[in-house]
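Residue numbers (the UniProt record's numbering): 1 to 49.
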Amino acid sequence: GEHTLQLLLGDHFHNPHDKPVLSEKITSTVKAKPAAAAKSAFLYPAHLL
């Protein structure tokens, strides 16, 4: 399926800036499901653990 992505930047507390700082929008099209053996890794900032 088709997905549209855009970054919204924030401060060190992850709060958006008063005047939003945004990236351009990009569109991505996913054409196939991942292979059964595909693995994902999720990393989290240490201060949030």
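Don't be surprised by glycine CBs; every beta carbon is placed ideally from N, CA and C. On a predicted model such as this, the values are computed, not experimentally measured, just so you know.
Inter-residue spacing [alpha-carbon to alpha-carbon] between residue i and residue j
i, j, result
"LYS25", "ALA36", "30 Å"
"LEU27", "GLY10", "The residue you asked about is not Leu; residue 27 is Thr in the sequence shown. Cα-Cα distance, rounded: 22 Å."
"LEU5", "LEU22", "11 Å"
"HIS17", "LEU7", "12 Å"
Residues that DSSP places opposite residue i in a beta bridge
i, result
"PRO16", "GLY10"
"SER23", "SER23 pairs with nothing; no bridge assigned."
"SER40", "Answer is none; SER40 lacks a bridge partner."
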